[in-house]
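A.B. asks: Below is a structure I'd like to ask you about.
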Amino acid sequence: MGMDPRLSRGKGRHYRQERAVAGNLGLFPGIRCGRTSRWQTNPPQSTVYSPQYSSQTRQTMDSPFKTIALIGKPHHEGANQTLTGLHQYLTTRGFRVLVESRVAHALGIMDENVMDLVQLGQQADLAIVVGGDGNMLGAARVLSRFDVAVIGVNRGNLGFLTDLSPQDYLLPLEQVLCGHYKSEHRFLLEAAVYRHGERKSNNLAVNEAVLHPGKIAHMIEFEVYIDGSFMYSQRSDGIIVATPTGSTAYSLSAGGAILTPKLNAITLVPMFPHTLSSRPIVLDADSEVRLLVSPDNQDDAMQVSCDGQVTLAVHPGDEILIKKSSHKLHLVHPLDYSYFHVLRNKLGWGSKLF
1 MGMDPRLSRG KGRHYRQERA VAGNLGLFPG IRCGRTSRWQ TNPPQSTVYS PQYSSQTRQT
61 MDSPFKTIAL IGKPHHEGAN QTLTGLHQYL TTRGFRVLVE SRVAHALGIM DENVMDLVQL
121 GQQADLAIVV GGDGNMLGAA RVLSRFDVAV IGVNRGNLGF LTDLSPQDYL LPLEQVLCGH
181 YKSEHRFLLE AAVYRHGERK SNNLAVNEAV LHPGKIAHMI EFEVYIDGSF MYSQRSDGII
241 VATPTGSTAY SLSAGGAILT PKLNAITLVP MFPHTLSSRP IVLDADSEVR LLVSPDNQDD
301 AMQVSCDGQV TLAVHPGDEI LIKKSSHKLH LVHPLDYSYF HVLRNKLGWG SKLF
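Heads up: the sequence shown at position 257 corresponds to 257 in full-length UniProt numbering, and the numbers run straight through without jumps.
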């Protein structure tokens, strides 16, 4: 099998560099990632590195991960292309590959390894999410309940949480599968709505929990308490309570500060407050935030939104408690991952001058 001619036109140097790195990771004969490695002679052939392997290349890698879940963006052509390549690649490597049910339906996979997110969390060692940050957030709220590592391939827009590029995800993923990766845990928030002292609904948020009126350009009144102490009352379009992970999302758009991921902190960001003195504030993440909605509000359409994906209904007089969850999202990154490189790349910050 020869090299893909698409790689040979003006990309010889790039190919040689990729091959050299791949050799160090065990992709080619003579270099072993595991004790029983047997790799094909040529590199994967695809412009998106979706490998084509025969059954003869199957082997079991000496990897810290044995069962891998594939989660993605259903009905997205690019995501499905990447997921198809990943499924074939991991299967030929001897991993047990589990597929989220919506992805399996889109790819035409029907076997005993098709599961929902909860089952994936219970059985997988590693979950690969292919899509945008929205897909990652939806999966993370479920997977954070289980001891499963998560990594993402970006098939969305910004991709703050999805590290791997769809054009060259294979080599850094191979590094991770060989046990060479950075690991971190991101805390989540839990938001709960109480009515007359009874909990009516609750959910988790990776990025932020937002109290808002449910209507455009409509103000609401509420009081804010921190650990039982009154902080202020406010008339505004709502308030954002964000984690460090969420500080680069909705909170940033509303004028909030960027919090680095290792900080044990949360930020409260008012949304279009009626007083100019209302400003974002950073709090200890172990603080309990209580929002008491004024009974004088005339609107029953108010909501608490978790990551912009799950909504909790709020009525006048309700109480919202927001606190740090006991669940954490376990993210893994390639060894060359840098949070500040991500910020620089995604936010268009200036490059080094010298």
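Glycine residues also receive a C-beta, built at the ideal position from the N, C-alpha and C atoms.
(1) With a Cβ-Cβ cutoff of 9 Å, do V176 and E208 count as a contact?
(2) Note down the Cα distance separating A106 from D116, rounded to an integer number of angstroms.
(3) What residue range does the alpha helix (DSSP H) around N135 cover?
(4) Run through DSSP, which three-state label would V206 get?
(5) Enumerate in chain order the residues of its own chain whose CB-to-CB distance from G78 is below 6 Å, with the five nearest sequence positions on each side excluded.
(6) Taking only runs that begin and end inside the segment 153–213, name each unbroken alpha helix (DSSP H) of 4 or more residues, in chain order.
(7) Going by DSSP in three states, Y339 sits in which element: helix, strand or coil?
(8) Beta carbon of P244, beta carbon of R186: below 9 Å?
(9) Nearest by alpha-carbon distance to P316: which of M302, A217, G256 is it?
(10) Nearest to V130 by alpha carbon, out of I151, P295, P172?
(11) Under a three-way DSSP split, which group does E319 fall into?
(12) From the DSSP output, in three-state form, read off H274 for me.
(13) For the candidate residues H341, F272, A257, D284, whose alpha-carbon lies nearest to that of N264?
(14) Please report the straight-line C-alpha distance between P51 and L90, rounded to a whole angstrom.
C.D. replies: Let me spell this out:
(1) no
(2) Rounded to the nearest angstrom, the two C-alpha atoms are 14 Å apart.
(3) Its alpha helix (DSSP H) spans residues 133–143.
(4) coil
(5) Excluding residues within five positions, the ones whose Cβ falls inside 6 Å are R155.
(6) 170–177
(7) helix
(8) yes
(9) M302
(10) I151
(11) strand
(12) Looking at H274 - three-state DSSP - the assignment turns out to be coil, as it is neither helix nor strand.
(13) D284
(14) Confidence is the limiting factor: at P51 the pLDDT is only 41, short of 50, which leaves the residue's position unreliable and the question unanswerable from this model.
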